[in-house]
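First up is the structure itself, then whatever we jot down about it.
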Amino acid sequence: MARHTRHISPIDTLAPAGGLKTSIQFTRIDRLWIGDVKDPFDNGYVVQFPLADTWSVYGPNVLDVVQQDENGKWSFRDFKEMFLPKTKRGKYGFLKPKYATGGSPIQTKDGFYIVEKKSTVSISTLVFKLAIGMLGGVEQAREHICKLASEAWERDSLRAFKIYQLIDESPGKVLEHLPDNLRAKSTVSLEVESSILHSACLWLGVDPEMVIQRQRGRPKSKKKHHMDQLDENELDLDDSSSSGSVIFMTIDQDEKIIGRLLKDYQGHSKNTKLADLSIHQLASILGSLLEENLNDDADLLEAYLDAFDENWRDLASQGENSASAYDPWVVLGVNPGSSLEEVKKAYKNTMRKIHPDTANISDWFAITVDQAYKQIKQDIENGQ
5 MARHTRHISP IDTLAPAGGL KTSIQFTRID RLWIGDVKDP FDNGYVVQFP
55 LADTWSVYGP NVLDVVQQDE NGKWSFRDFK EMFLPKTKRG KYGFLKPKYA
105 TGGSPIQTKD GFYIVEKKST VSISTLVFKL AIGMLGGVEQ AREHICKLAS
155 EAWERDSLRA FKIYQLIDES PGKVLEHLPD NLRAKSTVSL EVESSILHSA
205 CLWLGVDPEM VIQRQRGRPK SKKKHHMDQL DENELDLDDS SSSGSVIFMT
255 IDQDEKIIGR LLKDYQGHSK NTKLADLSIH QLASILGSLL EENLNDDADL
305 LEAYLDAFDE NWRDLASQGE NSASAYDPWV VLGVNPGSSL EEVKKAYKNT
355 MRKIHPDTAN ISDWFAITVD QAYKQIKQDI ENGQ
């Protein structure tokens, strides 16, 4: 069974994240866009980015000036989205706060201002303690983690810069397909933890590259099978079959896993074959099962997805090529038209359960949830 946050007892109930996470401050670099933009709210007044104050510069960074649509295409963001109406301008003047990345200037390079800024990485407290044991002390571990986090941020910033270059070189400034090597694979926190755990394996004499194959099929379920929920044309239940309250699975004579829904669920009818659903739809169902604490069903569906394609998590995080297949309202479990506060509440509740920084599960669903929240928030702010 996958290990989820709800199964973990806090180390310290008064500490952030129950003491399960340790936050460490480090210094990293960022790339701020350089250019002139007309202020849409001030008769075409030209604003020069990045903006500057006494000790620092601030403005949109490289990730702020690019965007991906629901069809997976990349383009430059309309700068009008970044400006605040004149009546709402405050600390950051022209810009909405989320587009105002700041830092101490270092140099200009390739059309961007390279700045240095403070940031924080949050990792498992146990992983931090493991680093202390390997490196011989708290300060040594902190220094090492700061270095790993800074390098991970730089790799991601460089990845974003390469995306920016490809968009600029594409016909019509639209990048139709993003190369696989430029897709986001993980979070900074996960990269830091993985590096420490990799080193720990070597330290303990364990091959970190050892392949561990999962045995095909599922163990016999301890629960009674839901015979009353299956139609007569369903496959017979035997030792090769398992079911929860939503998912039924069996293995046929050719050792092929076959799955169906035992009841209407998330807009899909009872007896719908899992094979008839897309990866993204199955991933969305899995997320709902996790939220509802339907652990047996979640395990069954995860086993089905693992047997279907070992790379299904990457496929799910990439989305599909139709807007109808990806509904951000469904991902967050809120009704279309809900207020921004309701959306924020649903987002926080969901991320608390499945965020890769606080739960020992893959980060594909966290990426999908985060993208859904950003899309809904942007639509609400733009009055759509």
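Positions in the sequence shown are counted from 1; adding 4 to them yields the working numbering.
Backbone N, C-alpha and C define an ideal beta-carbon position, used for all residues, glycine too.
Predicted model only: the values in this text are computed from it and were never measured.
Query	Result
Measure the alpha-carbon distance for GLU236 versus ILE255 and round it to whole angstroms.	In this prediction, GLU236 scores a pLDDT of 34, lower than 50, which makes its location untrustworthy; the coordinate-derived value is nonetheless stated afterwards. If I take the Cα positions, the gap works out to 18 Å.
Going by the CB atoms, is the gap between GLY107 and SER154 shorter than 8 Å?	no
Under the three-state reduction of DSSP, which class applies to GLN270: helix, strand or coil?	coil
What are the start and end residues of each continuous alpha helix (DSSP H) run of 4 or more residues lying completely inside the segment 189–222, in chain order?	192–208
Name, in chain order, the residues that DSSP records as bridge partners for THR105.	GLY63
Would you decide whether TYR49 is buried or exposed? Buried here means 16 or more other CB atoms lie within 10 Å of its CB.	exposed
So what's VAL178 in DSSP terms, helix, strand or just coil?	strand
Quick one: what does DSSP say GLY48 is sitting in, helix, strand or coil?	coil
What's the C-alpha gap between ASN185 and GLU158?	15 Å
Within its chain, find whatever has a CB closer than 7 Å to the CB of GLN111; leave out the 5 residues flanking it on each side and keep chain order.	ILE118
Tell me the rounded alpha-carbon separation between GLU346 and GLN270.	20 Å
Tell me where the beta strand (DSSP E) around PHE98 begins and ends.	Premise fails: PHE98 is in no beta strand (DSSP E) and is neither H nor E.
Return yes when the Cβ of PRO332 is within less than 8 Å of the Cβ of ALA287, no when it is not.	no
Three or more C-beta pairs under 8 Å: does that hold for the segment 32–51 against the segment 116–132?	yes
Please go through the same chain and pick out, in chain order, the residues whose beta-carbon is closer than 6 Å to the beta-carbon of ILE380, but skip the five residues on each side of it.	PRO332, VAL347
Out of VAL70, THR105, LYS90, ASP211, which has the shortest C-alpha to C-alpha gap to ARG81?	VAL70
In its own chain, which residues sit with a C-beta less than 7 Å from the C-beta of VAL196, not counting the 5 before and 5 after it?	VAL125, ILE127, ILE149, LEU152, ALA153, ALA156
Comparing alpha-carbon positions, which option in ILE261, PHE87, ALA145 lies nearest ALA204?	ALA145
Buried or exposed: which applies to MET214, given that a residue is buried once 16 or more other Cβ atoms fall within 10 Å of its Cβ?	exposed
Compute the Euclidean distance between the alpha carbons of GLY76 and ILE283, then round it to the nearest angstrom.	16 Å
Check for me: the beta strand (DSSP E) holding PHE116 runs from which residue to which?	116–128
For ILE216, count the other beta carbons within 10 Å of its own beta carbon; 16 or more makes it buried, fewer makes it exposed. Which is it?	exposed
Taking C-beta to C-beta, are ALA164 and VAL66 nearer than 8 Å?	yes
How would you label LEU344, buried or exposed, when you count the other beta carbons within 10 angstroms and need 16 or more for buried?	exposed
Can you tell me where the beta strand (DSSP E) with LEU265 in it begins and where it stops?	261–265
Compare the C-alpha of ASP46 against each of ASP57, PRO64, THR91, LEU201 and name the closest.	THR91
Tell me which same chain residues have a C-beta within less than 6 Å of the C-beta of SER13, skipping the five on either side of it?	Note that SER13 has pLDDT 48, beneath the 50 cutoff, so the model's placement of it is unreliable and no number is given.
Taking the straight line between their C-alpha atoms, what separation do you get for ASP301 and ASP114?	51 Å
Pick helix, strand or coil for ARG187, following the three-state DSSP scheme.	coil
DSSP three-state label for SER343, please.	coil
Give the C-beta separation of LEU304 and ILE251 to the nearest angstrom, bearing in mind that I take them to be a contact with Cβ-Cβ under 8 Å.	4 Å
Could you check where the beta strand (DSSP E) with LYS151 kicks off and where it finishes?	Element bounds for LYS151: not the beta strand (DSSP E) but the alpha helix (DSSP H), 142–173.
Could you give the DSSP three-state label for VAL334: helix, strand or coil?	helix
Let me know the secondary structure DSSP gives GLY291 once reduced to three states.	helix
Can you tell me where the beta strand (DSSP E) holding LEU36 begins and where it ends?	25–37
Is DSSP giving LYS77 helix, strand or coil here?	coil
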